[in-house]
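Chains as they are written, first to last, in the numbering used here: chain A, 26 to 91; chain B, 26 to 561. We treat Cβ as the ideally placed atom computed from N, Cα and C, and that holds for glycine. Note that the coordinates shown come from a computational prediction; the quantities given were computed from them, not determined experimentally. Heads up: the structure comes next, in structure tokens.
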Amino acid sequence: MYLNLNRNLADPDGFYEYLVNSQRHMNNEEANRMNARLVLILCNQVGDMDTLKAAIDMASDPKKAM
Amino acid sequence: MFQTYQYPEFDYQQSEEQSAGQVARHPVVVIGAGPIGLTAALDFAQRGIPTVVLDDNNTVSIGSRAVCYAKRPLEIWDRLGCADRMIEKGVEWQIGKVFFKDDLAYTFDLLPEDGHKVPAFINLQQYYLEEYMIDACKTSNLIDLRWKHKLINLTQEGDVVTLTVETPDGVFQMEADWVLACDGANSDTRKMVGAGFSGQFFQDRFLIADIIMKANFPTERWFWFDPPFHRGQSALLHKQCDDVWRLDFQLGWESDPEEEKKPEKIIPRVKAMLGDDVEFELEWASVYQFACRRIDKFRYGRVLFAGDAAHQVSPFGARGANTGVQDIDNLAWKLKLVMDGDAPESLIDSYHEERAFAADDNLLNSTRSTDFITPKNEASRRFRDAVLDLAEVTEFAKPLVNSGRLSAPTPYQDSSLNTADESSFGCKVAPGTCCTDAPVEVKGKDGWFLNQIGEGFTLLVFGDEDASDISVGNVSARVLRVGDDIEDASGTLAERYDGQPGTVYLIRPDQHVAARWRYFNDNKVEAALKTAIGGA
Numbered sequence: 026m027y028l029n030l031n032r033n034l035a036d037p038d039g040f041y042e043y044l045v046n047s048q049r050h051m052n053n054e055e056a057n058r059m060n061a062r063l064v065l066i067l068c069n070q071v072g073d074m075d076t077l078k079a080a081i082d083m084a085s086d087p088k089k090a091m
Numbered sequence: 026m027f028q029t030y031q032y033p034e035f036d037y038q039q040s041e042e043q044s045a046g047q048v049a050r051h052p053v054v055v056i057g058a059g060p061i062g063l064t065a066a067l068d069f070a071q072r073g074i075p076t077v078v079l080d081d082n083n084t085v086s087i088g089s090r091a092v093c094y095a096k097r098p099l100e101i102w103d104r105l106g107c108a109d110r111m112i113e114k115g116v117e118w119q120i121g122k123v124f125f126k127d128d129l130a131y132t133f134d135l136l137p138e139d140g141h142k143v144p145a146f147i148n149l150q151q152y153y154l155e156e157y158m159i160d161a162c163k164t165s166n167l168i169d170l171r172w173k174h175k176l177i178n179l180t181q182e183g184d185v186v187t188l189t190v191e192t193p194d195g196v197f198q199m200e201a202d203w204v205l206a207c208d209g210a211n212s213d214t215r216k217m218v219g220a221g222f223s224g225q226f227f228q229d230r231f232l233i234a235d236i237i238m239k240a241n242f243p244t245e246r247w248f249w250f251d252p253p254f255h256r257g258q259s260a261l262l263h264k265q266c267d268d269v270w271r272l273d274f275q276l277g278w279e280s281d282p283e284e285e286k287k288p289e290k291i292i293p294r295v296k297a298m299l300g301d302d303v304e305f306e307l308e309w310a311s312v313y314q315f316a317c318r319r320i321d322k323f324r325y326g327r328v329l330f331a332g333d334a335a336h337q338v339s340p341f342g343a344r345g346a347n348t349g350v351q352d353i354d355n356l357a358w359k360l361k362l363v364m365d366g367d368a369p370e371s372l373i374d375s376y377h378e379e380r381a382f383a384a385d386d387n388l389l390n391s392t393r394s395t396d397f398i399t400p401k402n403e404a405s406r407r408f409r410d411a412v413l414d415l416a417e418v419t420e421f422a423k424p425l426v427n428s429g430r431l432s433a434p435t436p437y438q439d440s441s442l443n444t445a446d447e448s449s450f451g452c453k454v455a456p457g458t459c460c461t462d463a464p465v466e467v468k469g470k471d472g473w474f475l476n477q478i479g480e481g482f483t484l485l486v487f488g489d490e491d492a493s494d495i496s497v498g499n500v501s502a503r504v505l506r507v508g509d510d511i512e513d514a515s516g517t518l519a520e521r522y523d524g525q526p527g528t529v530y531l532i533r534p535d536q537h538v539a540a541r542w543r544y545f546n547d548n549k550v551e552a553a554l555k556t557a558i559g560g561a
């Protein structure tokens, strides 16, 4: 498949901390809006439709997609 | 209301057949004298088919329903000789702006390409459009417009359709070889043949208000998502002629349509939108909800469907009337060939094949726009708002903004009437695509390419390649040679058709490409012509 499901983050803890910290001051709605923007930005970065479809399917039902 | 327009009233006349009490047989009867039925009458008449049009009313569209007319329908009306008045009266526009909350999120420019006879888009009240077409119909002795004629029953046996029609003088019967139903989204004809009409129904309501104001807003399409004057909903402002402006307010599903139609409810909404100091008068208002639906088959025996009777879309993108006119463009020449016995009756089935394909394309575009404008849940709304937030500051999000994808013709890329390319071409006019216009010279005078084609089949030939007219039975394709019959001084035609010397296009009477080659071969043209008329 096109999706890279192997380890690809050089600093997993650092990444996770940055993500969570970015929303620490937000309420749920603000965080949800930010997540929506983040999804769109990352989708554009990926660009390839087959990869995006695979990621969307994976996210909507992780067990079924495997 | 209606201060800018005087509604004409057309006289009811009892037909000879009703007064004589004798059932007459007609080649074709069109149900409905709206934009689509009138286009059908004009196209049928131009192709020599005597046409009776029945309409249960006796005037034009009450209120301006359709507003935007796209390039392709204007080209079709130009072929039918009635586009000049529409273009002269209509308002041309090309800039669209999309606002989100307080800010401008996105601007688009239709950037019409130079070298086309008709504009990319005009806005014109539907009643003017209908009035101009009715005037054109009156100049044809092949068109019989019958007002106050309501179809109340329809039966088919063999190749005869029997219509029961009610007029102020009572009920009578008429017969037709073919019936074309252009009686709108709530088509009674569709119910009479028991056709299916299914799709998606949207739980939302919109208020249309046409107002008269002499304000200096630019001639642009302005669309707002969640504006300060209409929180949580969308709104639209678009100019029509006579200082009439179309306003559109999304109301939500919970709103009361009867309440929202009242002037005392509308006027504060308009003031909030335009400012307290703008003077305006309310011309017409209506509350609508919409569906995206299509008839299962465009043909039921000898009864055919076109326009909203065959497909209903949301208004975003101006895909209703514009698509319906293209239905007629597709049907008229086929019906003529079949009526004359020059093509097999199965050619009519390609009307369903090609126009159902186009309808599905329109429904897809229209549904996508509606999903953007009316999000189905909170998560969709967040994505929509995220797109609008990002469109203000990034390029990538701009094409995701969808306030309506404007009507463009759907190429019949997989049509059974096409002959596939055997060589490669560096242009967009592939088989199944409608021809692109270009400036040409005809007998030393400036003219337009599309005006040179459209009666019958055309063989467009570039260069000195030997080529001759080709016939299949009574159907001929006539050679139109660039450099002889028409001159391409600017080279635009050659550029748009990748017209290297030797290039040959076989063009249908509806100005769509059927086949193309890099050389002339009479056997190949004959085979392609045969294919294009349904394999006679």
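Who are the neighbours of residue i on chain A, taking C-beta pairs under 7 Å?
i                : result
Leu389 (chain B) : Result: empty, since nearest Cβ-Cβ is about 16 Å, beyond 7 Å.
Ala411 (chain B) : Arg58, Ala61, Arg62 and Leu65
Arg407 (chain B) : Asn57, Arg58 and Ala61
Asp414 (chain B) : Arg62
Could you pull the start and end residues of the beta strand (DSSP E) that residue i belongs to?
i                : result
Gly472 (chain B) : Lys470 to Trp473
Tyr94 (chain B)  : Cys93 to Ala95
His316 (chain B) : Inspection of the sequence shows that residue 316 (chain B) is occupied by Ala rather than by His. Taken as a continuous stretch (DSSP letters only), the beta strand (DSSP E) holding Ala316 (chain B) covers Ala316 to Ile320.
Asn178 (chain B) : Lys175 to Glu182
Asn148 (chain B) : Phe146 to Asn148
Ser501 (chain B) : Val500 to Val507
Ala130 (chain B) : Asp128 to Asp134
Ile87 (chain B)  : Per DSSP, Ile87 (chain B) belongs to no beta strand (DSSP E) and is neither H nor E.
Leu485 (chain B) : Phe482 to Phe487
Gly224 (chain B) : Phe222 to Phe226
Glu191 (chain B) : Val185 to Thr192
Express the C-alpha separation of residue j and residue i in angstroms, rounding to a whole number.
i                : j                : result
Pro75 (chain B)  : Leu167 (chain B) : 4 Å
Ile511 (chain B) : Glu308 (chain B) : 48 Å
His141 (chain B) : Ile478 (chain B) : 15 Å
Glu155 (chain B) : Arg271 (chain B) : 18 Å
Thr84 (chain B)  : Arg171 (chain B) : 11 Å
Leu205 (chain B) : Asp169 (chain B) : 14 Å
Phe133 (chain B) : Glu279 (chain B) : 32 Å
Val500 (chain B) : Gly560 (chain B) : 12 Å
Ile112 (chain B) : Val143 (chain B) : 8 Å
Pro369 (chain B) : Gly498 (chain B) : 12 Å
Leu329 (chain B) : Ala557 (chain B) : 20 Å
Asn69 (chain A)  : Ala79 (chain A)  : 15 Å
Arg294 (chain B) : Ser448 (chain B) : 58 Å
Glu289 (chain B) : Leu442 (chain B) : 56 Å
Lys88 (chain A)  : Leu389 (chain B) : 31 Å
Tyr131 (chain B) : Pro253 (chain B) : 17 Å
Phe421 (chain B) : Leu149 (chain B) : 33 Å
Leu413 (chain B) : Asp491 (chain B) : 57 Å
Ala56 (chain A)  : Asp523 (chain B) : 53 Å
Gly516 (chain B) : Gly527 (chain B) : 15 Å
Since residue i and residue j are thought to touch, with beta carbons under 8 Å apart, how far apart are those beta carbons, to the nearest angstrom?
i                : j                : result
Val350 (chain B) : Pro52 (chain B)  : Not quite, the Cβ-Cβ distance comes to about 21 Å (not below 8 Å), so this is no contact.
Ile147 (chain B) : Tyr94 (chain B)  : 5 Å
Tyr157 (chain B) : Arg110 (chain B) : 5 Å
Tyr376 (chain B) : Arg324 (chain B) : 7 Å
Gln151 (chain B) : Ala91 (chain B)  : 5 Å
Ile56 (chain B)  : Asp208 (chain B) : 5 Å
Asn387 (chain B) : Arg327 (chain B) : In fact, because the Cβ distance is near 26 Å, the residues do not count as touching under 8 Å.
Gly451 (chain B) : Pro436 (chain B) : Between Pro436 (chain B) and Gly451 (chain B) the Cβ distance is about 17 Å, and since that is not below 8 Å, they are no contact.
Leu135 (chain B) : Cys107 (chain B) : Their Cβ separation, rounded to whole angstroms, is 23 Å, which puts Leu135 (chain B) and Cys107 (chain B) out of contact at 8 Å.
Gly88 (chain B)  : Ser311 (chain B) : 6 Å
Phe248 (chain B) : Ser44 (chain B)  : Their Cβ separation, rounded to whole angstroms, is 53 Å, which puts Phe248 (chain B) and Ser44 (chain B) out of contact at 8 Å.
Just curious, the alpha helix (DSSP H) that residue i is in, first and last residue?
i                : result
Arg380 (chain B) : Asp374 to Ile398
Cys162 (chain B) : Gln151 to Lys163
Arg62 (chain A)  : Asn53 to Val71
Glu403 (chain B) : Glu403 to Val418
Ile61 (chain B)  : Pro60 to Gln71
Ala346 (chain B) : Ala346 to Met364
Glu34 (chain B)  : Glu34 (chain B) -> no alpha helix (DSSP H), and no H or E assigned at all.
Pro37 (chain A)  : Pro37 to Ser47
Starting from the beta carbon of residue i, find every residue of chain B whose beta carbon is closer than 7 Å, and list them in chain order.
i               : result
Asn69 (chain A) : Phe421
Handout entry: Within the stretch 241-310 of chain B, ranges of the alpha helix (DSSP H) (whole runs, at least 4 residues)
Key = 282-285 and 288-299
Handout entry: Entirely enclosed alpha helix (DSSP H) segments - the stretch 504-548 of chain B, minimum 4 residues
Key = 517-521
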